[in-house]
Structures are given as C-alpha cells and as structure tokens.
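Residue numbering for the sequence shown follows the numbering used here, beginning at 291 and increasing consecutively.
Think of the CB as a built atom: it goes at the ideal place given N, C-alpha and C, for glycine as much as any other residue.
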Amino acid sequence: MKNKPGMMNYKNSGYVINSIRLAANLCLEKEASAMVTGPISKSILNKAGYKISGHTEFLADICKKKSLMLLMNKKIKVALHTTHLPIQSVTKEITKTKLKKTISLLNEEMKTKFAISKPKILVTGLNPHAGEDGLLGQQDSKIIAPVIKDFQKKNVCVDGPVAADTAFLRKNIAKYDVILTMYHDQGLPVIKFDNFKTTVNVTLGLPIVRVSVDHGTALDLVGTGKIDTSSFEQAIKVAKKLCNA
291 MKNKPGMMNY
301 KNSGYVINSI
311 RLAANLCLEK
321 EASAMVTGPI
331 SKSILNKAGY
341 KISGHTEFLA
351 DICKKKSLML
361 LMNKKIKVAL
371 HTTHLPIQSV
381 TKEITKTKLK
391 KTISLLNEEM
401 KTKFAISKPK
411 ILVTGLNPHA
421 GEDGLLGQQD
431 SKIIAPVIKD
441 FQKKNVCVDG
451 PVAADTAFLR
461 KNIAKYDVIL
471 TMYHDQGLPV
481 IKFDNFKTTV
491 NVTLGLPIVR
501 VSVDHGTALD
511 LVGTGKIDTS
521 SFEQAIKVAK
531 KLCNA
C-alpha cells in the first residue's frame with residue numbers, strides 16, 4: 291500500500307515502537323538527557339499487535355517503574371491516578387494500596403522535579419459530589435478519604451476528596467501546587483481548555499525525563515497548513531528545564 295500523508299499504516303508500527311524504545315534506552319544509558327515525544331495512534335499500534343495503551347504505560351514497562359501522568363502549563367498541574375482506561379475499569383484501580391503509591395510518588399516527584407519543598411496536593415473524588423456521603427458511591431468516603439487522612443498524619447500536605455466539578459476553582463488553583471484526579475477525563479478537559487497551546491504531558495516516576503505534547507495525532511489537519519506546533523515547542527522547553535532540575 292502506498293503511503294500518503296495523513297493516512298495511517300499499521301505496517302509502520304514496528305518502527306514507531308522501536309523509536310520509543312531507542313529513545314528511552316538512550317536516556318537510561320545517559321546518552322541522551324531527555325526524550326520529547328509526539329502523539330502516537332494507540333489503535334493502529336494495537337491493530338499491529340502491540341498491546342500498549344499509551345506512552346506513559348509503555349515507558350513504565352521499559353523502565354520497570356510505576357509511572358504517573360502529569361499535565362501542566364504555566365498555571366495548572368494536573369496528575370492522573372488512572373490514565374487510558376475505560377470508565378468501567380476505573381473503579382477497580384481505586385484501592386487504598388494503589389492510591390497510596392500514587393500520592394507518595396506525586397509528593398516525591400513534585401519535590402525532586404519541581405523543587406517544591408512541601409507540595410500542596412488536592413485530590414478529587416471519584417463520584418459526583420465526592421460521593422455525597424456515600425449516596426453516590428462508597429469509594430470517596432471508604433477509600434480516598436482514609437488514605438488522605440493517613441498522609442495528613444504523616445505531615446504530608448494533601449487535602450480532599452473534593453468534588454471534581456469544584457476542584458479547579460481559581461482559589462484552589464492558587465492554593466495547591468497540583469491537583470490529583472481519579473481518571474483521565476476529570477482533569478484533561480480543564481487544563482486543555484485553560485491553555486491548550488502551552489500544556490504538556492510529563493511522565494513522573496521514571497529514571498528519565500520524558501515530556502510530550504498534550505494532543506493527539508490530528509490527522510485531519512495534515513496538509514491544511516493549520517498545524518500548531520506550540521505544544522511541541524513547549525515540551526522541548528519543559529524537558530530542558532527538567533534536565534537542569
């Protein structure tokens with residue numbers, strides 16, 4: 291099949307996967323300081339037999355570390371407890387053990403990568419109105435809240451769970467260094483709406499620096515002359531800054 295601009299070809303998937311592996315290994319071997327990635331088509335890669343749900347998870351597997359997705363721009367930092375999962379699978383990931391690991395990792399990475407000595411973390415609930423005292427779900431009161439209380443006893447500055455629809459009020463953005471959401475579409479719409487062009491994706495938890503654009507493949511824009519490189523340019527700037535952290 292002849293390749294055309296803007297047309298996906300699953301036969302190229304091996305090249306894409308090997309490119310990611312090469313970049314990650316160069317960083318692990320200290321031959322490169324950071325890797326900056328563009329978007330990939332997860333559906334095409336899976337069609338070719340590569341069972342990955344995204345860069346974040348794939349790099350965690352390569353580095354053999356727990357990873358955490360962080361979206362950030364100049365005003366907001368948003369971390370995700372779960373990433374590329376169907377909604378029906380999210381609740382299985384809301385456990386005390388997994389949430390403790392996420393908050394611990396987020397707290398440490400905010401210190402090391404962003405030089406925040408005592409990070410202020412706000413955690414959203416899973417359900418509408420953070421469960422409404424159990425009326426709309428038990429995870430908020432029986433899992434998320436107790437985990438937060440345990441961290442507070444250890445003098446970690448973490449609050450919540452708060453309803454996701456009020457987590458991003460201006461007063462919260464001003465008060466907290468990062469907002470931890472329970473799933474993908476709780477956090478990403480807000481930060482992309484705030485400033486789509488300068489928002490980037492940083493993978494926390496890895497022994498390497500990885501930064502990415504915050505958007506997808508945008509195949510519909512190929513050949514139109516309307517492609518905006520702002521997010522990619524910002525990703526390079528952030529990667530350079532993190533290398534000097």
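| query | result |
| --- | --- |
| Any heavy atom of the ligand HEM closer than 8 Å to the beta-carbon of F522? | Judged by which ligands are present, the structure shown has none, so any question about the ligand HEM falls away. |
| So what does DSSP say about I406, is it helix, strand or coil? | coil |
| Go ahead and pull the three-state DSSP assignment for I411. | strand |
| Please classify C533 as buried or exposed, where buried requires at least 16 neighbouring CB atoms within 10 angstroms. | exposed |
| Name the DSSP beta bridge partners of K367, please? | M362 |
| Report all residues from its chain with a CB closer than 7 Å to the CB of K391; omit the five preceding and five following residues, and keep chain order. | K356 |
| Does K354 get closer than 9 Å to chain B when you measure Cβ to Cβ? | Looking at the structure shown, chain B is missing, and only one protein chain is on hand. |
| On a CA-only basis, which of M472, C447 and I481 is nearest K465? Give me that one, please. | C447 |
| Suppose you measure from the CA of R460 to the CA of S323; what does that come to, to the nearest Å? | 35 Å |
| Taking the alpha-carbon positions, what's the G304 to I433 distance? | 41 Å |
| Check whether the stretch 372-388 and the stretch 468-486 touch, using three or more Cβ-Cβ pairs below 8 Å as the test. | yes |
| Counting C-beta neighbours from all protein chains within 10 Å, is the total for M359 16 or more, i.e. buried, or is it exposed? | buried |
| Taking the CB atoms as reference points, tell me whether D484 and N299 lie closer together than 9 Å. | no |
| Quick one: grab the DSSP three-state call for P451. | strand |
| Give the range of the alpha helix (DSSP H) segment to which T346 is assigned. | H345 to C353 |
| Can you look up N462 in the DSSP assignment and give me helix, strand or coil? | helix |
| Pick helix, strand or coil for L396, following the three-state DSSP scheme. | helix |
| How many Å lie between G477 and E319 at the Cα? | 33 Å |
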